[in-house]
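Q:
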Amino acid sequence: MSPVTSADPAHPPVPRTALVTGAGRGIGRELALALARDGYALGLVGRTRDPLEEVADEVRALGATATVAVADLVQAAQVATAVEHVQAALADHGGIGLLVNNAGVIEHAELPFAADDVEDVWRVVEVNVRGPLLVTHAVLPGMLARGGGRVLNVNSGSGHRALTSYTGYAVSKGALARFTAQLHRQYADAGLRVLDLAPGVVATGMTAAMPVHAGRTRWTPPQEVAELVLAFASGELDALSGRFVRAGADTVASLREHADDIVAADARTLRLATWGPDDPVA
1 MSPVTSADPA
11 HPPVPRTALV
21 TGAGRGIGRE
31 LALALARDGY
41 ALGLVGRTRD
51 PLEEVADEVR
61 ALGATATVAV
71 ADLVQAAQVA
81 TAVEHVQAAL
91 ADHGGIGLLV
101 NNAGVIEHAE
111 LPFAADDVED
121 VWRVVEVNVR
131 GPLLVTHAVL
141 PGMLARGGGR
151 VLNVNSGSGH
161 RALTSYTGYA
171 VSKGALARFT
181 AQLHRQYADA
191 GLRVLDLAPG
201 VVATGMTAAM
211 PVHAGRTRWT
221 PPQEVAELVL
231 AFASGELDAL
241 SGRFVRAGAD
251 TVASLREHAD
261 DIVAADARTL
271 RLATWGPDDP
281 VA
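Under UniProt numbering, think of the first position of the sequence shown as 1, with each following residue one higher.
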C-alpha cells in the first residue's frame, strides 16, 4: 500500500495516487513524472496511446506504478471506461486520490471572435470544459465514498481577464474557474479539496505554436508548476481550496504565508466586481 496524505483531519487519508489527463506530452508529462518521483502511483489518460506508453515507461523507470487508458475526453462512454480502468489498476493503492485535469487545447488561429471560426472556438470550449466535467464526474463518487480527495484543474489567467483573441480559450478557462468554485462549495464538507492552477507560460508544443509567444525568452520552468502540484497533493495548500494560484508568481512558501489573508479577503476566486457595499448586486 502507498503512503497517504490527509485532506482534513476529520476525513480519511487520501491515497498517494493520481490520474493525470493529457499526460502524454507537455505539462501533463512533466507533472506525471514529478508525481512519480514523489512516489505516487499513476493513471495516465489521453487520446493517443504511444506517447502515454512512453511516459508510463519513464514513470516505471522511476520505480512508480503506471497504467495507461486511452480516451477522447469529450466522449462520456470512453471517459467512463478509462476511469474504471484506472480505478481498478489503482485499487490496491487505495483508489484515485488526486485528479489532475490537465488536458486542454487552444484555437488554431490567433483572431478576434468575428474573424474566427466559431466551430473551432466551440471545439476549444468543449474540450476544455466538457472534458474536466466528464472526468471529474467519473472520479468523484470514489473520492466521496472514501471521504475525500483532491481535484486540480490546470487553468489560466485568461479565465479571469479578457483577451483580444482566443475567445474559446478564455471562455473555457473562465468556466473551469467557476467549476472549481462549485466543486468546493458543494463538496468541501465531504472532504474534497479543489484548486485552480495556472502554469504560467511553459515551453510546450502548444505555446510554441502561438504567435503571441513568438520571440519569448522567459518561460515558466516546469519544476515550479510541479512544486505547486505536489504541495496541493500533499495537503499543504488545502486552505486555498476553491481558489486560483499561478506558477511563476506564487510559491509554496508565499501561498502558505498569505493563506489567511487570501481566505479573509475571499480572494483568488472568480467574482463580479462591484462599485462598493451599496451596489445592489453586492
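Beta carbons: idealized from backbone N, C-alpha and C, even for Gly.
Exposed or buried, what is Glu30 when buried is set at 16 or more other beta-carbons lying within 10 Å of its beta-carbon?
A: Along the sequence shown, one-based indexing puts residue 30 at 30. Buried, by the Cβ-count rule.
Q: In chain order, what residues of the same chain have a beta carbon less than 7 angstroms from the beta carbon of Val124, not counting five sequence neighbours either side?
A: Reading the sequence shown from its first residue, position 124 is the one you call residue 124. For Val124, where only same-chain residues beyond five positions count, the Cβ hits under 7 angstroms are Val105, Ile106, Glu107, Gly168, Tyr169, Ser172.
Q: I need the straight-line Cα distance from Pro3 to Val135, nearest angstrom please.
A: Position 3 of the sequence shown, counting from 1, holds the residue named residue 3. Position 135 of the sequence shown, counting from 1, holds the residue named residue 135. Confidence at Pro3 is low in this model, with a pLDDT of 46, below 50, so its placement is unreliable and the value that follows should be read with caution. The alpha-carbon atoms of Pro3 and Val135 are separated by roughly 24 angstroms.
Q: Can at least three beta-carbon pairs, one atom from the region 11-24 and one from the region 144-155, be found at a separation below 8 angstroms?
A: Flag = yes, the region 11-24 and the region 144-155 touch.
Q: Determine the DSSP secondary structure at Ala88, reduced to helix, strand or coil.
A: As a first step, residue 88 is located in the sequence shown; it is residue number 88 there, counting from the start. Helix, per DSSP.
Q: Using a Cβ distance threshold of 8 angstroms, determine whether the region 15-23 contacts the region 32-50, with at least three qualifying pairs required.
A: Verdict: yes, contact present.
Q: Along the chain, where does the beta strand (DSSP E) that runs through Ala198 open and close?
A: Residue numbering aside, residue 198 sits at position 198 when the sequence shown is read from its first letter. Segment 192-198, the beta strand (DSSP E) holding Ala198.
Q: So Arg150 and Gly97 are in contact, right, with Cβ under 8 angstroms, and what is the actual spacing, rounded?
A: The sequence position of residue 150 within the sequence shown is 150, counting from 1. The sequence position of residue 97 within the sequence shown is 97, counting from 1. Confirmed, Cβ separation roughly 7 angstroms.
Q: Kindly confirm or deny that the region 228-247 and the region 255-262 touch, where touching means at least three C-beta pairs closer than 8 angstroms.
A: In short, these stretches touch, since the Cβ pair count reaches three.
Q: Taking 7 angstroms as the line, does the beta carbon of Leu52 fall inside it for any heavy atom of the ligand MG?
A: You won't find the ligand MG in this model; it holds no ligand whatsoever.
Q: Per the DSSP calculation, Asp250 is bridged to which residue(s)?
A: Here the question's residue 250 lines up with position 250 in the sequence shown. In DSSP, Asp250 forms a bridge with Ala247.
Q: In whole angstroms, what separates the C-alpha of Ala198 from that of Asp92?
A: Taking the first residue of the sequence shown as 1, we reach residue 198 at position 198. Taking the first residue of the sequence shown as 1, we reach residue 92 at position 92. Each residue's Cα considered, the two are about 32 angstroms apart.
Q: Taking the continuous alpha helix (DSSP H) assigned at Arg29, which residues delimit it?
A: For the purposes of this step, residue 29 is taken as the residue at position 29 of the sequence shown. 26-37 is the extent of the alpha helix (DSSP H) around Arg29.
Q: Helix, strand or coil, according to DSSP, for Ala114 in the structure here?
A: In the sequence shown, residue 114 corresponds to position 114, counting from 1. It is helical.
Q: Could you give the DSSP three-state label for Leu176: helix, strand or coil?
A: Within the sequence shown, the letter at position 176 stands for residue 176. The answer is helix: DSSP assigns Leu176 an H, G or I state.
Q: Below 8 angstroms CB to CB, which residues in the same chain sit around Thr274 once its five sequence neighbours on both sides are set aside?
A: The residue labelled residue 274 in the question sits at position 274 within the sequence shown. Result list for Thr274: Val281, Ala282, in chain order.
Q: From the DSSP output, in three-state form, read off Ala267 for me.
A: Taking the sequence shown and counting its residues from 1, one reaches residue 267 at position 267. Residue state, collapsed to three classes: coil.
Q: Out of Val194, Leu62, Leu270, which has the shortest C-alpha to C-alpha gap to Leu99?
A: Taking the sequence shown and counting its residues from 1, the one referred to as residue 99 is at position 99. Comparing Cα-Cα distances from Leu99 to each of Val194, Leu62, Leu270, the minimum goes to Val194.
Q: With respect to the alpha helix (DSSP H) encompassing Val135, which residues constitute its N-terminal and C-terminal limits?
A: Looking up residue 135 in the sequence shown gives position 135. Its alpha helix (DSSP H) spans residues 131-146.
Q: Rounding to the nearest angstrom, what Cα-Cα distance links Ala80 and Asp278 in this structure?
A: For the purposes of this step, residue 80 is identified with residue 80 of the sequence shown, where counting begins at 1. For the purposes of this step, residue 278 is identified with residue 278 of the sequence shown, where counting begins at 1. Near 47 angstroms, if we compare the C-alpha coordinates of Asp278 and Ala80.
Q: Excluding the five sequence neighbours on either side, which residues of its own chain have a C-beta within less than 6 angstroms of the C-beta of Val225, listed in chain order?
A: Translated into positions along the sequence shown, residue 225 becomes position 225. The answer, listed in chain order, is Pro199, Ala247.
Q: Assuming the contact rule is C-beta atoms closer than 8 angstroms, Gly131 and Leu62 should be a hit. Round their C-beta distance to whole Å, please.
A: Counting from 1 along the sequence shown, the entry for residue 131 is found at position 131. Counting from 1 along the sequence shown, the entry for residue 62 is found at position 62. 27 angstroms between Cβ atoms; not a contact.
Q: Let's see if you can read the secondary structure: which residues bound the alpha helix (DSSP H) around Val74?
A: The residue you call residue 74 lines up with position 74 of the sequence shown. Note, Val74: premise wrong, no alpha helix (DSSP H); not H, not E.
Q: Grouping DSSP H, G and I as helix and E and B as strand, with all else coil, what is Val4?
A: Start at 1 with the first residue of the sequence shown, and residue 4 comes out as number 4. The predicted position of Val4 is uncertain, since its pLDDT is 48 and thus under 50; a value taken from the coordinates is nonetheless stated next. In the structure shown, Val4 sits in a strand (DSSP, three-state: E or B).
Q: Can you check DSSP and say which residues form a bridge with Asn153?
A: Reading the sequence shown from its first residue, position 153 is the one you call residue 153. Per DSSP, Asn101, Asp196.
Q: Which same chain residues end up closer than 7 angstroms to Ser165 when comparing Cβ atoms and leaving out the 5 residues on each side of it in sequence?
A: The sequence position of residue 165 within the sequence shown is 165, counting from 1. So the list reads Glu110, Leu111, Pro112, once near-sequence residues are dropped.
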